[in-house]
Amino acid sequence: MATSRSALINNTKRLMKRRRLLIGGILVALLLGFILFTKHGLLMRLKLEAREQTIHKEIEAQQMHRDSLLKQIHILKADTLEIERLARQNYGMVKPGEEVYFVETK
């Protein structure tokens with residue numbers, strides 16, 4: 690009777706230990722799921738950081754383009770020859786009295 694009681698106690702202890710491990714495993718799985726997959730989780734953070742880097746690169750490219758345009762504006766305000774060159778090149782404009790010759794290229 691003492692051995693069966695002892696075996697019953699050991700079985701109960703083993704069951705309790707398994708139950709604790711199972712509950713602990715479930716809690717760890719839930720915690721990992723929360724950390725990784727919620728809208729404030731690690732995966733979302735990584736996506737947002739990648740998007741932030743992309744946006745910073747786009748901003749830098751736009752700033753460089755803006756600086757280039759500002760430089761071109763400054764040149765056009767200061768240099769009438771540049772305005773004349775662009776008018777001839779882009780719009781086919783000529784000075785009064787000039788004759789225009791078109792050359793065909795093959």
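Position in the sequence shown counted from 1, then plus 689, gives you the numbering used here. Backbone N, C-alpha and C fix where the C-beta goes; we use that ideal spot for every residue, glycine too.
Taking only the alpha-carbon atoms, compute the straight-line gap between residue i and residue j and give it to the nearest angstrom.
{"i": "L704", "j": "T692", "result": "18 Å"}
{"i": "R709", "j": "L721", "result": "18 Å"}
{"i": "L731", "j": "Q751", "result": "30 Å"}
{"i": "L770", "j": "Q778", "result": "12 Å"}
{"i": "G781", "j": "E773", "result": "10 Å"}
{"i": "R740", "j": "K746", "result": "10 Å"}
{"i": "E654", "j": "K760", "result": "Residue 654 falls outside the range modelled here, since the chain spans only 690 to 795, and no answer is possible."}
{"i": "I698", "j": "I712", "result": "21 Å"}
{"i": "Q723", "j": "E738", "result": "Note that residue 723 corresponds to Phe in the displayed sequence, not to Gln. If I take the Cα positions, the gap works out to 19 Å."}
{"i": "L765", "j": "L758", "result": "10 Å"}
In the DSSP assignment, find the unbroken alpha helix (DSSP H) run with residue i in it and report its ends.
{"i": "Y780", "result": "T769 to Y780"}
Run the proximity test for residue i: is its beta-carbon closer than 8 Å to any non-hydrogen atom belonging to the ligand ATP?
{"i": "T701", "result": "Because no ligand of any kind appears in the structure shown, any question about the ligand ATP cannot be addressed here."}
My output table needs one value for residue i: the three-state DSSP class, helix, strand or coil.
{"i": "F723", "result": "helix"}
{"i": "I701", "result": "The displayed chain sequence assigns Thr, not Ile, to residue 701. Reduced to three states, the DSSP call for T701 is helix."}
{"i": "K736", "result": "helix"}
{"i": "K728", "result": "coil"}
{"i": "E749", "result": "helix"}
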